[in-house]
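Residue numbers for the first sequence, in my numbering: 8 to 429.
Read the structure below first, then the notes.
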Amino acid sequence: MLQVPYLRENTEKALSGLAKRNKDFSATVQSIISVDESRRKLQNELDNLLAESNKISKIIGDLFKEGKREEADGMKVRTTEIKEECKGIETNLSQLEEELKQLLYLVPNVPHESVVFGKGAEENEVVYSSGEIHALGESKLPHWELCEKHKLIDFELGVKITGAGFPVYIGKGARLQRALINFFLEEAMKAGYTEHQVPHLVNEASGYGTGQLPDKEGQMYHVGVDDLYLIPTAEVPLTNLYRDVLLKEEQLPIKLTGYTPCFRREAGSYGKDVRGLNRLHQFDKVEIVQLSKQEDSYALLEDMVNHVKGLLNKLELPFRILRLCGGDMGFTSSLTFDFEVYSAAQERWLEVSSTSNFETFQANRLKCRYKGSDGKTQLVHTLNGSALALPRIVAALLENHQDENGVRIPQALVPYCGFERI
RNA sequence: GGAAAGGUGGGUGAGUGGCUGAAACCAACAGUUUGCUAAACUGUCGUACGGGAAACUGUACCGGGGGUUCGAAUCCCCCCCUUUCCGCCA
Numbered sequence: 008m009l010q011v012p013y014l015r016e017n018t019e020k021a022l023s024g025l026a027k028r029n030k031d032f033s034a035t036v037q038s039i040i041s042v043d044e045s046r047r048k049l050q051n052e053l054d055n056l057l058a059e060s061n062k063i064s065k066i067i068g069d070l071f072k073e074g075k076r077e078e079a080d081g082m083k084v085r086t087t088e089i090k091e092e093c094k095g096i097e098t099n100l101s102q103l104e105e106e107l108k109q110l111l112y113l114v115p116n117v118p119h120e121s122v123v124f125g126k127g128a129e130e131n132e133v134v135y136s137s138g139e140i141h142a143l144g145e146s147k148l149p150h151w152e153l154c155e156k157h158k159l160i161d162f163e164l165g166v167k168i169t170g171a172g173f174p175v176y177i178g179k180g181a182r183l184q185r186a187l188i189n190f191f192l193e194e195a196m197k198a199g200y201t202e203h204q205v206p207h208l209v210n211e212a213s214g215y216g217t218g219q220l221p222d223k224e225g226q227m228y229h230v231g232v233d234d235l236y237l238i239p240t241a242e243v244p245l246t247n248l249y250r251d252v253l254l255k256e257e258q259l260p261i262k263l264t265g266y267t268p269c270f271r272r273e274a275g276s277y278g279k280d281v282r283g284l285n286r287l288h289q290f291d292k293v294e295i296v297q298l299s300k301q302e303d304s305y306a307l308l309e310d311m312v313n314h315v316k317g318l319l320n321k322l323e324l325p326f327r328i329l330r331l332c333g334g335d336m337g338f339t340s341s342l343t344f345d346f347e348v349y350s351a352a353q354e355r356w357l358e359v360s361s362t363s364n365f366e367t368f369q370a371n372r373l374k375c376r377y378k379g380s381d382g383k384t385q386l387v388h389t390l391n392g393s394a395l396a397l398p399r400i401v402a403a404l405l406e407n408h409q410d411e412n413g414v415r416i417p418q419a420l421v422p423y424c425g426f427e428r429i
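Set out below in structure tokens:
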């Protein structure tokens, strides 16, 4: 959620940034400013009335003590009047506050200056690419056929016990999952992230904290009886660890990592994109999260991008990095880099990581602040990235490293797997 | 699921309906002292939203929401959460 004073004082800047999202927010922003204006005016009126009432109450108290009962009773008339007046104002005020909140929920984060205008994914900029795309022979197979051939993943079984998008990993397929999770966690640890094992269900407040609620309500699985949500990413519990927390400057940056399964309803996505491991309702992911001082966040974003680069290089996968254009960027993000690996048999790019700086957008809802050396309290910047999400990595590993004898496991992963070939 | 206790500032923890935005202690910060560190002493030290160039100042906040009252951390009602005991159980 953006901050009203920011919108008020930097209206032009905010609007020109928001315009990159290929949508016009000027009407909404103008309403926010004017609703807030009325809100402040009303608040002021109320405060003045309450101040008067407080003053009178004190006098009444004193009069009582002096035994001047009648005089005191006389003054009660005015406070009763004030109370009536306040009631009306309070009703209006809470209406305005609600209106303001709803308006603020409509406005996404302001894109960073490096973000370009764009309507959608096709206008994302490729800012880096690495690895060679090998032409595979005629015998190349897509990963879902490799999974079947080598008995790594059984999609049908998953359908039977749960439904589509819930695969069952078997034998070397399951061990490969464990190996990747361990590999990613170890690498994160080496890079200074502290591992956390967090709950896989979160309450409503956490959903609001990181911005999944109210915008993406339909994307999360909701456990009605207990009013809890299955996490769509470890970002939610990890970042919410610091909800309502006042940090000291020297604690920053805070670097967190954690492995969790992720649950996504993916309502409304059909077609060939969902084949095999391309899109699942449950998948595994190691997430990295950072909380930082405002002035450090972009340098840290670069560190995170480099960390993910390192992982993909060790897995010997061809990949590219995209800087998302305004139209394709997530609601809460200010700058996002997507990582895509090349899926050699499908002959398409698959997104495996999204690494973003949210600046203060999440911190504002989270109320995660720090006290700077100047004694001023300010919001932290939050960042996160997938490092990495497993299914598409597995797809790319299988497809890119297949040969006539099966599938080769990249060297870096062998110690974690315990086998060199599938 | 049943019963009981409890939720107060960064932490611990007081708080007869008005003099309590809240004692005390710890932590933190600044200063004095000191060869250094420590100790001691002194002072500062909650958040949010307003007004003001600033000094400063108004309001709200003691889990959340209502209510009683001229006045509520304190009394009443509802809800949420935590802890302990019992039951069930990996």
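No residue lacks a Cβ here, since even glycine has one placed at the ideal position from N, Cα and C.
C-alpha gap between F71 and P221, whole angstroms: 51 angstroms
Per-residue burial, S137 [other beta carbons within 10 Å of its own, 16 or more giving buried]: exposed
Cβ neighbours of E52 in the same chain (closer than 7 angstroms, five flanking residues each side left out): I96
Contacts around L322, its chain only, beta-carbon distance under 6 angstroms, and the 5 residues preceding and following it disregarded: Within its own chain, the residues whose Cβ lies closer than 6 angstroms to the Cβ of L322, once the five positions on either side in sequence are excluded, are P417, listed in chain order.
Separation of R428 from V414, as counted between CA atoms: Computed Cα separation, rounded: 6 angstroms.
Where the alpha helix (DSSP H) containing R47 begins and where it ends: Where R47 is concerned, the enclosing alpha helix (DSSP H) stretches over 33-72.
Separation of V114 from N17, as counted between CA atoms: 15 angstroms
N- and C-terminal bounds of the alpha helix (DSSP H) containing S121: Premise fails: S121 is in no alpha helix (DSSP H) and is neither H nor E.
N407 classed as buried or exposed, judged by whether at least 16 other C-beta atoms fall within 10 angstroms: By the neighbour-count rule (16 or more Cβ atoms within 10 Å), N407 is buried.
Cβ separation of V315 and F338, assumed to be a contact under 8 angstroms, to the nearest whole Å: Under the criterion of beta carbons closer than 8 angstroms, V315 and F338 do not qualify as touching, at roughly 22 angstroms.
L253 - partner residues in DSSP beta bridges: In the DSSP assignment, L253 is bridged to R376.
For Y13, three-class secondary structure by DSSP: Y13 sits in a helix when the DSSP states are folded into three classes.
From A352, C375, N247, residue whose alpha carbon lies closest to that of Q301: C375
A171 - DSSP class collapsed to helix/strand/coil: Reduced to three states, the DSSP call for A171 is coil.
Contact check, T201 vs Q369, beta carbons under 7 angstroms: no
C-alpha gap between C93 and M82, whole angstroms: 17 angstroms
Between the CA atoms of P398 and F326 - distance to the nearest angstrom: One alpha carbon belongs to F326, the other to P398, and they sit about 15 angstroms apart.
Where C154 falls: helix, strand or coil (DSSP): C154 falls in the helix class under three-state DSSP.
Presumed contact (8 angstroms Cβ cut-off) between I39 and S60, rounded CB distance: 31 angstroms between Cβ atoms; not a contact.
Residues of its chain near R28, where Cβ-Cβ distance is below 8 angstroms and the 5 sequence neighbours each way are ignored: Excluding residues within five positions, the ones whose Cβ falls inside 8 angstroms are P115, P118, G333, G334, M336.
Whole-number beta carbon distance between A396 and L318, since they are thought to touch under 8 angstroms: Not confirmed; about 11 angstroms, so no contact.
Collapsed DSSP secondary structure at C332 in the structure displayed: coil
Burial state of P174, where buried means 16 or more other Cβ atoms lie within 10 Å: Here P174 is buried: its Cβ has 16 or more other Cβ atoms, across all protein chains shown, within 10 Å.
I328 versus L284: straight-line alpha-carbon distance, rounded: 21 angstroms
D43 classed as buried or exposed, judged by whether at least 16 other C-beta atoms fall within 10 angstroms: buried
Status (buried if at least 16 other CB within 10 Å, exposed otherwise) for M227: buried
Beta-carbon proximity list for L22, same chain, < 8 angstroms, skipping 5 on both sides: F32, S33, V36
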